[in-house]
Amino acid sequence: MTKAERALETRERILIAACEVIADIGFENVSMRKVAEHAGVSKALLHYHFDTREKLFAEAMTHSFAQTGTDTEGVPDSVSSAVVLARILRSMLPTDAELRQDWKLWQELWVRAQRDTAARHLAVDLYDQLHAWVGGAVERGIRSGEFAACDVAALATLVLALCDGLGIRLMLDDPRVDLATARATIWRAIAPTLGIDPQFPQV
């Protein structure tokens, strides 16, 4: 392994550790020492890669975001656009332990964004990327004739709002909202606009 490869591996290990620690105890309780210990590196090495908690949080959030929905990349044309969109929705809800961790990071970002300009800019940028992700799937379906023509931007905004609202209820373990209910609610809300079956597809 080259020096550059070792540095990248160390950085990756630190970011994974930061995501886990922040999700577990919250950003306000995180210290660089705790992250270094969890990553199995020295505090000095951690500071070499990330000189402040704020920069570490931003990079950890970006790293977590980049891992989301990788199963929707490079999808062959034979996969229906409804399935692609359903996979995106699955990735945007806390459907498993890894995604619940991602949601905890988002909740930390929402709180920080109220008081910190850099965090607010990061949140807006990530939402822009989510908006483009959803919109891209809708446009794919319109081009193929699977979806009816519609206001793509408005539909993407609706999807994000529904995912946020229902995702919070899932994170709270609200007995009125389980995963099947959340998926079905979102799909029924967008199906008429897209001209598709209101039943959430098998993904």
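Whatever position you read off the sequence shown (first residue = 1), add 4 for the working numbering. The C-beta atom is built at its ideal place from N, Cα and C for all residues, glycine as well.
Query, Result
"Coil, strand or helix - I200 by DSSP", "coil"
"Own chain partners of Q105 with C-beta closer than 6 angstroms, once the 5 adjacent residues on each side are dropped", "A27"
"Contacting residues, own chain, Cβ-Cβ under 7 angstroms from D120 (five flanking each side not counted)", "none"
"Neighbour-count burial assignment, I29, 16 or more Cβ in a 10 Å radius", "exposed"
"Uninterrupted alpha helix (DSSP H) stretches inside the stretch 117-174 (no shorter than 4 residues)", "121-148"
"CB of L174 within 8 angstroms of CB of P80, strictly", "no"
"Where R180 falls: helix, strand or coil (DSSP)", "coil"
"Residues of its chain near L60, where Cβ-Cβ distance is below 6 angstroms and the 5 sequence neighbours each way are ignored", "A22 and F54"
"Reference T83; option with closest CA among T6, G145, S35 and A127", "Checking the displayed sequence, the identity of residue 83 turns out to be Val instead of Thr. Here the closest residue by C-alpha is G145."
"Contact between the stretch 127-140 and the stretch 170-184 (3+ Cβ pairs under 8 angstroms)", "no"
"Start-to-end residues for the alpha helix (DSSP H) that takes in D28", "K7 to I29"
"CB contact flag (L162, A117, <8 angstroms)", "no"
"Where V34 sits in the DSSP three-state scheme", "coil"
"T56 (DSSP reduced to helix, strand or coil)", "coil"
"Beta-carbon proximity of S2 to T72, cut-off 8 angstroms", "This structure cannot settle anything about residue 2, because the visible part of the chain is limited to 5 through 207."
"A86 to E150 span [Cα, whole Å]", "8 angstroms"
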